[in-house]
Amino acid sequence: MVAWQFTLGSWATAQQQAVWEYAPYRVQIWYALEPNLNVTHQAGQRFLEDLQQELWRVFKATWRSHIQPMPERLKPIVLRNQGSLTFDDLTRNEWVLVVAADRPETRSIRTFQAAAASLPEVFVSPTTQAALESIQAQMPLEPDSSGGRIMAKLKVQPGGDQAIMQSLVSQEILAALVPRAYLSDDAKVRTISTLLPWQSEVMLDNRDKLFLLVVGSRDDQFHARVVELDCTTRVAGPVVEGQIDQWSHVSRLTSRLIQQAFAPIARIEEADDSVAKLRHRAGGLITPEDHGNPSRIRVGDLMQPVVRRDDQNGQPVLLQALKFTYAAVTQSDGVTMSANVYTYSGGPGLKGRQNPRTRRLLLRVRPVSQKSQLQIVVRGHRERAQAGCAIYTKDWLSDQFQYLGRTDWSGQLPIAAPPVQVSVMPASVKAERASQLRIARESAIQQARSEYQQKLQQAEAQQKVLPPFDVSTVVVPDVPVDPATLVTLNAPLLQIYVKSGDRVSARLPFVPGLIGTEVAELNDDSLQLQAESMVRGFQGEILDLVGQRNLLSARVRLHISLGQLDQAAKRMDQLRVLKDFNQMNDQLSLVQRNILERLDAGGVRSAQTQIDRMFKSTRDLLQKFLQDQIVTETDDALRQAVAASASGSSSGP
């Protein structure tokens, strides 16, 4: 039995992988024609036929696309605000099945199928009833389907949707079908995934990609705009647009825009801190000769991860795009891929729990411009900007830093894409080079030590003394980087360092042009900056005090040498009244105690180590330069001079 279960499990895993690798993308294209577009019905139909043929020619077996008119309820939203459209906009005017949570009859109802089988009646408003009848006239439901059973149980209740929701909250009725806009967060009601065939939830579960296409005309030019919404991750891509002057070429223009808006998908198989193994969706359907297929994920492509976690009914309860985390494809056989992982300092990268309800997917990034704003704000308080942060970029290969500027009053700094393409070293090549550098270092140290032994023997024969062997002086030969092993990225990935005061606050992988403003939430550094300013002021006071002590001591000795003992005594009095080590140390302890109390009161402990390090270095400075030897030694010199002068006077004639 165990062997049989193992065989079934292996077969199921193989089938799942095969489906992922060889299943084409299920693509839905909704199109809308702007009112100012003046074309005949025949020309419009020819456009759709040509577009379908263009898509098949380009994507071949990797796509199964369906082109349909955009739902009327979405047209105003898309035409008005296509650039910031979200999946919530798709479902805002749809209906949701809601049941009374505390009634015994509905406690076990968790799915749409259970509701269709168990509920005796479902209340709707007259407006909802009329709208549902109109939709059913165009899209009839099978009587024995779950949707058909729900529709057969509809019962109209006067008073509107708001009154129906109040009846549900008061437990007067068992269930109702209401627009999503009327939902409340009351714990006495529970929403059910409403799987009616015209609802977005059904469309999203049965499609991989949704494209919203708008075609219009302006200034004797035909315009087209396309945005992609990934159905699995619920991530909306950027708007891609173009124009052309002939209607017969609009289908080709639209096909090109859809290709630019399309983001292929990969799945994370395994990952560690720096490397990930990925699997290409529909990669097995792309032939080696089909190099131009937009579904192909190529070496050098940059992918952004998204985590989706489902409930027991398969509906997402978590959709999280991992910010400042990317995977750069460094090797591919068409189906499986290796990738370098780049994440923010302290970030988990692509590591994470993997189970049937949790999917970790990646979408290819599509920068639409050459510049983005990086904004630094306080973690948990996005309205509080962190101004004055120094921003640097570090080269991936040479490790050289370049200063970009400081964040302004709003915490923002524009960051442009570099003028040349970015190249990175695959993790395997980097590990091999590190091993070669380690071997070269050990060999250089061994050779230098051998040469030192020979010199030591010669020095002993000549009765000379050599300084001890110093490993730090050994010159280690560099291992050159083979340009053929580097991978040139197809998107500008930068390594950004954020420095606040003397401390590096964060390391952030950053893609200029991906979105307009990328917000980084970092720990509040205001107390750390105040501590730094106070410590720097205190250190300046120490240096000033050291200078005064040395100057007065030198003047006392100068007056002694010139026999000006009265002047020397006055300078010595000035030297004695200067602050000593104990006074300065007590003052430093008071400053440190005030800073730590403010850290405790504000609940900010992340900068504790840095602040402690600053105070320790300042205390070491006190120990080194403000001990009382200079005062004591100068005072002794003065006493000796006075005694010598008195002795000389008493022995005179």
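Quick note: the sequence shown uses the numbering used here, first residue 1, plus one each step. We put the beta carbon where it would ideally sit given N, CA and C, even for glycine. None of these values were measured; they are calculated from a predicted model.
What is the residue span of the alpha helix (DSSP H) that His223 lies within? Element bounds for His223: not the alpha helix (DSSP H) but the beta strand (DSSP E), Gln221 to Asp230.
Cα separation between Trp11 and Pro316? In this prediction, Trp11 scores a pLDDT of 33, lower than 50, which makes its location untrustworthy; no coordinate-derived value is stated.
Buried or exposed for Gly665, going by 16 or more other Cβ atoms inside 10 Å? Here the chain covers residues 1 to 653 and nothing more, so residue 665 does not appear.
Hey, how far is the Cα of Gln574 from the Cα of Gln567? 11 Å
Residues of its chain near Phe6, where Cβ-Cβ distance is below 8 Å and the 5 sequence neighbours each way are ignored: Low per-residue confidence applies at Phe6: pLDDT is 32, beneath 50, and the placement is therefore not dependable, though the value from the model is reported in the following sentence. Within the same chain, Phe6 has no close Cβ partners at all.
Confirm, please, whether the CB-CB distance from Val215 to Glu34 is below 8 Å. yes
Inter-stretch contact at 8 Å, needing at least 3 Cβ pairs: the segment 61–75 / the segment 36–52: yes
Compute the Euclidean distance between the alpha carbons of Val475 and Thr343, then round it to the nearest angstrom. 33 Å
Classify Phe401: buried if its beta carbon has 16 or more other beta carbons within 10 angstroms, exposed otherwise. exposed
What does Ala115 pair with, by DSSP beta-bridge criteria? DSSP output for Ala115 lists no bridge partner at all.
Below 7 Å, is the gap between the Cβ of Val299 and the nearest heavy atom of the ligand SAH? In the structure shown, the ligand SAH is absent, as is every other ligand, since no ligand is present at all.
What's the call for Ser233, buried or exposed, on a 16-neighbour Cβ count within 10 Å? Sequence check: residue 233 is Thr here, not Ser. It counts as buried.
Rounded to the nearest angstrom, what separates Ala506 and Gly347 at their Cα positions? 10 Å
Candidates Pro477, Asp636, Arg433 and Thr191: which alpha carbon is nearest Arg168's? It is worth fixing the name first, because residue 168 is Leu in this sequence and not Arg. Ranking the options by Cα distance to Leu168, first place goes to Thr191.
Check Phe262 in the structure and name its three-state DSSP category. coil
So what does Leu493 bridge to, in DSSP terms? According to DSSP, Leu493 bridges with nothing at all.
Inspect the CB distances between the segment 265–273 and the segment 33–48 and report whether three or more fall short of 8 Å. no
Which partner residues of Met337 appear in the DSSP bridge assignment? Leu278 and Ser332
Helix, strand or coil for Tyr344, going by three-state DSSP, please let me know. coil
Other residues of its chain near Ala637: CB distance less than 8 Å, five sequence neighbours each side excluded: Val556, Arg557 and Ile560
C-beta atoms of Leu350 and Ala276 nearer than 8 Å: yes
Three-state class that DSSP yields for Gln243 in the structure shown: strand
Can you tell which of Ile496, Val481 and Phe538 has the C-alpha that lies nearest to the C-alpha of Ala520? Ile496
I need the boundaries of the alpha helix (DSSP H) containing Leu61, first residue and last residue. The sequence shown places Ala at residue 61, rather than the Leu named in the question. Taken as a continuous stretch (DSSP letters only), Ala61 belongs to no alpha helix (DSSP H), as it is neither H nor E.
In the DSSP assignment, find the alpha helix (DSSP H) that holds Phe87 and state where it starts and stops. Phe87 to Thr91
Could you tell me the alpha carbon to alpha carbon distance between Ala644 and Gly563, rounded to whole angstroms? 11 Å
Backbone CA spacing between Gln113 and Ala175 [nearest angstrom]: 14 Å
I need the straight-line Cα distance from Ala646 to Arg639, nearest angstrom please. 10 Å
Consult DSSP for Gln447 and reduce its assignment to one of helix, strand or coil. helix
Given 8 Å as the limit, is there contact between the segment 411–420 and the segment 484–494, that is, 3 or more CB pairs closer than that? yes
Assign Ala641 to buried or exposed, taking buried as 16 or more other Cβ atoms, counted over all protein chains shown, within 10 Å of its Cβ. buried
Out of curiosity, what's the CA-to-CA distance linking Leu552 and Ser533? 29 Å
Bridge partners for Thr517 per DSSP, in chain order? Gln373
Is Gly300 closer than 8 Å to Thr488 when the C-beta atoms are compared? yes
Grab me the residues of Ala263's own chain with a C-beta within less than 7 Å of its C-beta, minus the 5 sequence neighbours each way, in chain order. Glu228, Asp230, Gly237, Leu363, Arg364 and Arg366
For a quick check, are the C-beta atoms of Leu124 and Leu183 less than 8 Å apart? For the record, residue 124 in the displayed sequence is Val; it is not Leu. No, the Cβ-Cβ distance between Val124 and Leu183 is not below 8 Å.
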